[in-house]
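Chains as they are written, first to last, in our numbering: chain A, 320 to 575; chain B, -19 to 251; chain C, 277 to 423.
Every residue, glycine too, gets a C-beta built ideally from N, C-alpha and C.
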């Protein structure tokens, strides 16, 4: 019994320690934003890596998400004779929930894992120590541009996801199942509030932060060798995805 | 530690005159535990100024960890790391970064940045840490690349280079800022004998040109004795022997003799 | 050349993202970027039950503005509306709370009057009709017929 309590206590202390380290890490990388010199090109490079290179997969998943929403929504709404609400159903589910969450999950899988692996390899190849030895803060050099890149890219990707998803819903609902186009967009405009768009935007900002934070942290403090990097990559993707979904619930309950 | 007059056999140059003053780096009773293992156990050591010092010892003796203490990459649990009398293990991050400007370091695998070309890798410390202009940086980088014989490779990326070329680029990068002290973590490990000797020769020549204080971890026994003024023998986190190369080579310490001759039997049994 | 490419591509990406965001917030979210050209007007209702800020204000079925806020004043509902500029409201305009369909959203309908005098910006519509209380109507109907 005492051993059990000891184990639980030890685990809890370790968890608190880890959370503290992650917080300090985030603080250091965010604080470095305000210390010159500023290297815009490095941030542009990260927006390219995280944003532009994720565009294809985002557009693809968005189109199909919107299409399936159109399909499901149509058959559900038809039972109540209110197919006219399809536009608002598609738009609201995309803007409020699916856009931010699915974009963030896709970015985690495509870019987040690569961030962890890249930084992990820099760690085991002593490139991070090498920066340190030159008197260059590796957090500012490596982590900060990626953090900013993700915070810029994810909301933009989410907006693109929303629009493409709505077009997908339009394609299925209007072109395929014959809902009136005017009703589709009219209902959408009537039901979507500025607050919905703003909340979705806030969510995507926070998700972008979570992705970059978790994935760079896991890479920065990776274990030894190739195995260490592969483990960090896996746990970065898992932790980032879990945090996105958990924080989504709390953000929704706070923002709503 | 007496400074015997010393001639570099392969390159035939005489050692630079003994400099005045205290040692460049002084470790006092340094202790460090990593993953529950005491890696450094009360290391006290002087690294003489403007001399080449070789650190030898078995794998896991704590050589790399000791080297990283000298530049503040690892902080000791106990003891002091004095650079010109300043304990760098107690400095804040900002002060430490400033102190590191006097250092250059060459890591085991070279640790070049994969996403940058050879030229950009060597130019990197200058762009980041100095106020030098583009043209000046270009001139300096090309001069250093010429010194290591790699002017033609300036546009290549690290993964297009051989192991020996990577070390030479890393060497050029380590000395591009004109530091006072250069640390080498196994600069020749994994290279064939000819390239190994040419790198050691390059280090030696550079020493005579610039008069750097150099500290080098090496497994190249006995070749390394031709290329170093001082030798430090480390075993199990302790300094077993330290002094001018000729004295260490003649040491009666059975461990030192075993490691020099590579005997299977002796004080250390690995299998 | 390669760098220029990266920067151009990133620039296009950012533009595309901002365009999507703008479409979502301006067209769907009806965000007024510079406040727009809107004129405030008050109306006092005995009951604004079911009316929410943000719902539309219509004249002859055409969207001309929206409800900005609903507050209580002298135990009556003071509804502040924002009407698009360029639309004249006569002094005897009637504001009524209507329901879209049987159980749909509430909105405010304005019926233009015939007076020559106009309501100034920030003025008040005097003639109002409150929301039709469907439950009360049904209750009345049931009680009435039971008697």
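Thinking just about the alpha-carbon of each residue, which of the options is nearest to the one in residue i?
i: residue 448/A; options: 173/B, 34/B, 66/B and 154/B; result: 154/B
i: residue 436/A; options: 541/A, 528/A, 425/A and 342/A; result: 541/A
i: residue 369/A; options: 557/A, 390/A, 491/A and 429/A; result: 429/A
i: residue 529/A; options: 397/A, 354/A and 426/A; result: 426/A
i: residue 574/A; options: 360/A, 415/A and 336/A; result: 415/A
i: residue 85/B; options: 141/B, 197/B, 219/B and 68/B; result: 197/B
i: residue 450/A; options: 56/B, 145/B, 39/B and 52/B; result: 52/B
i: residue 537/A; options: 344/A, 568/A and 454/A; result: 344/A
i: residue 453/A; options: 109/B, 117/B and 113/B; result: 109/B
i: residue 460/A; options: 539/A, 513/A and 431/A; result: 539/A
i: residue 66/B; options: 100/B, 44/B and 8/B; result: 8/B
i: residue 172/B; options: 151/B, 72/B, 163/B and 200/B; result: 200/B
i: residue 317/C; options: 327/C, 360/C and 285/C; result: 360/C
i: residue 469/A; options: 376/A, 395/A, 366/A and 495/A; result: 366/A
i: residue 424/A; options: 516/A, 565/A, 359/A and 547/A; result: 565/A
i: residue 40/B; options: 181/B, 18/B, 180/B and 177/B; result: 18/B
i: residue 118/B; options: 156/B, 22/B and 147/B; result: 156/B
i: residue 136/B; options: 46/B, 127/B and 146/B; result: 146/B
i: residue 42/B; options: 234/B, 129/B, 218/B and 169/B; result: 218/B
i: residue 125/B; options: 144/B, 104/B, 98/B and 114/B; result: 98/B
i: residue 337/C; options: 394/C, 289/C, 298/C and 388/C; result: 388/C
i: residue 527/A; options: 515/A, 500/A, 514/A and 464/A; result: 464/A
Check this for me: beta carbons of residue i and residue j, under 7 Å apart or not?
i: residue 380/A; j: residue 419/A; result: no
i: residue 375/C; j: residue 321/C; result: no
i: residue 283/C; j: residue 533/A; result: no
i: residue 483/A; j: residue 382/A; result: yes
i: residue 503/A; j: residue 487/A; result: no
i: residue 408/A; j: residue 385/A; result: no
i: residue 373/A; j: residue 462/A; result: no
i: residue 186/B; j: residue 205/B; result: no
i: residue 62/B; j: residue 6/B; result: yes
i: residue 511/A; j: residue 405/A; result: no
i: residue 138/B; j: residue 94/B; result: yes
Can you list the residues of chain A that residue i reaches, using a CB-CB cut of under 8 Å?
i: residue 410/C; result: Here the premise fails: no neighbours, minimum Cβ distance about 19 Å.
i: residue 88/B; result: 445
i: residue 77/B; result: 454, 455 and 456
i: residue 91/B; result: 444, 445, 446, 448 and 449
Which same chain residues end up closer than 8 Å to residue i when comparing Cβ atoms and leaving out the 5 residues on each side of it in sequence?
i: residue 249/B; result: none
i: residue 56/B; result: 10, 11, 12, 20, 49 and 69
i: residue 236/B; result: 213, 220, 221 and 228
i: residue 436/C; result: Given that chain C is displayed from residue 277 to residue 423, the structure contains no residue 436/C and the question cannot be resolved.
i: residue 287/C; result: none
Just the chain A side, please: which residues come within less than 7 Å of residue i by C-beta, in chain order?
i: residue 301/C; result: 513 and 516
i: residue 83/B; result: 452
i: residue 330/C; result: 512
Just to confirm my understanding: we take residue i, look at its own chain, exclude 5 residues before and 5 after, and list those with CB closer than 7 Å. What are they?
i: residue 332/C; result: 339, 342 and 383
i: residue 31/B; result: 193, 209 and 210
i: residue 431/A; result: 530, 534, 555, 556 and 559
i: residue 423/C; result: Here residue 423/C scores only 45 on pLDDT, less than 50, and its place in the model should not be relied on; the value that follows carries that caveat. Answer for residue 423/C: no residue qualifies.
i: residue 112/B; result: 106
i: residue 544/A; result: 443
i: residue 422/A; result: 377, 473, 476, 477, 480 and 523
i: residue 548/A; result: 436, 439, 440, 443 and 541
i: residue 92/B; result: 101, 138, 146, 149 and 150
Name, please, each residue of chain C whose Cβ falls closer than 7 Å to the Cβ of residue i.
i: residue 507/A; result: 304
i: residue 364/A; result: 282
i: residue 478/A; result: 293, 296, 297 and 300
i: residue 410/A; result: 304
Can you list, in chain order, the residues of its chain with a C-beta nearer than 6 Å to that of residue i? Leave out the 5 residues immediately preceding and following it.
i: residue 474/A; result: 520, 523 and 524
i: residue 292/C; result: none
i: residue 481/A; result: 413, 414 and 418
i: residue 363/C; result: 340
i: residue 386/C; result: 335, 369 and 371
i: residue -16/B; result: A caution first: residue -16/B carries a pLDDT of 47, below 50, which makes its placement in the model too unreliable to give a value.
i: residue 506/A; result: 403, 404, 406 and 407
Chain A partners of residue i, CB-CB under 9 Å?
i: residue 53/B; result: 448, 451 and 452
Using a Cβ cut-off of 9 Å, pull out every chain C residue sitting near residue i, in sequence order please.
i: residue 370/A; result: 286, 289, 290 and 293
i: residue 414/A; result: 300, 304 and 305
i: residue 374/A; result: 289 and 292
Mind pulling the chain B residues with CB within less than 9 Å of residue i?
i: residue 525/A; result: Neighbours of residue 525/A on chain B: none; closest Cβ ~29 Å, over 9 Å.
Interface residues of chain C around residue i at Cβ under 8 Å?
i: residue 481/A; result: 296 and 300
Does at least one heavy atom of the ligand FMN sit under 6 Å from the Cβ of residue i?
i: residue 336/C; result: No copy of the ligand FMN occurs in the structure displayed, which carries no ligand at all.
Task: Whole alpha helix (DSSP H) elements within the segment -12 to 53 of chain B, 4-residue minimum - done: 43 to 50
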